[in-house]
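First the structure, in the form of structure tokens, and then the observations on it.
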Amino acid sequence: MEYKQLLAKCMDLCSRREYCQSDIDQKLRIWEVPQATIAKILKVLSEEKFIDHTRFVRAFVNDKLLFNHWGRIKIRYHLVHHRIEKEIIEEGLDNIDEEKYLQIIKDEIVKKRKATPRGIEFERNQKIARTVISKGFEPELVFKLLKSEQENKNYY
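Per this note's numbering, residue 69 is the first one in the sequence shown, and the count goes up by one each step.
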């Protein structure tokens with residue numbers, strides 16, 4: 069494909085959903101586009117605001133939190149993998165509504181508690197904590213919520 073076709077195809081992709089530079093760069097490499105052409109296309113896409121890392125981070129954080137129920141740790145890890153600047157990542161993570169975040173952790177705890185057979189309460193809580201922490205939630209928050217849940221006897 070020639071430059072104009074590639075640019076049009078990338079613009080079309082970016083108009084359908086949020087992409088970051090590394091995503092488009094990867095697609096262009098798969099299509100075996102020369103590095104000089106990739107650089108030109110990425111420059112135009114950024115200048116024309118088809119690619120905007122702040123917008124990408126906002127959408128990524130929102131989607132992964134609400135739909136995948138990922139915690140800040142896992143979201144941060146994946147954004148670093150996308151080669152997003154640290155300042156933009158932190159800004160996006162700071163915009164998470166704390167009440168909504170804590171409610172998602174509580175919901176994950178309740179969901180896992182229902183799926184975990186009764187037994188020794190300590191072992192059951194450890195299984196729940198491991199599962200929720202593996203989704204990228206901060207261990208100190210998970211243990212704090214587990215403890216408060218246990219003190220209030222707010223579980224099944």
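Note that beta-carbon positions come from the ideal geometry of N, C-alpha and C, so glycine has one too. Computed from a predicted structure; not experimentally measured.
Of the residues the options, the one placed nearest residue i, counting alpha carbons only
| i | options | result |
| --- | --- | --- |
| V101 | M69, R123, A127 | M69 |
| R85 | H121, P207, T184, I109 | H121 |
| F205 | N136, R151, R186 | N136 |
| Q89 | K108, I172, Y169 | K108 |
| R97 | L134, V112, C78 | C78 |
| L133 | D175, E116, S114 | D175 |
| Q103 | S83, L74, D131, N130 | L74 |
| K180 | E167, Q194, L170 | Q194 |
| K168 | Q94, N130, E115 | N130 |
| R151 | K72, A76, Q94, Q171 | Q94 |
Residue burial classification, residue i (beta-carbon count within 10 angstroms, cutoff 16)
| i | result |
| --- | --- |
| E155 | exposed |
| F118 | buried |
| H149 | exposed |
| N220 | exposed |
| Y37 | Here the chain comprises residues numbered 69 to 224, so residue 37 is not present and cannot be evaluated. |
| Y224 | Per-residue confidence for Y224 stands at a pLDDT of 47, beneath the threshold of 50, marking its modelled position as unreliable; no derived number is given. |
| L147 | buried |
| P207 | exposed |
Expected contact under 8 Å - CB spacing of residue i and residue j to nearest Å
| i | j | result |
| --- | --- | --- |
| G139 | K212 | Not confirmed; about 14 Å, so no contact. |
| E217 | I177 | 7 Å |
| A197 | L209 | Rounded, the Cβ-Cβ distance is 11 Å, inconsistent with contact. |
| C82 | L113 | 6 Å |
| R192 | T184 | 5 Å |
C-beta neighbour in chain C for residue i, strict 8 Å
| i | result |
| --- | --- |
| N220 | Absent from the structure: chain C. Only one protein chain is present. |
Legend entry - At least three beta-carbon pairs within less than 8 Å, the segment 123 to 137 to the segment 149 to 167: yes
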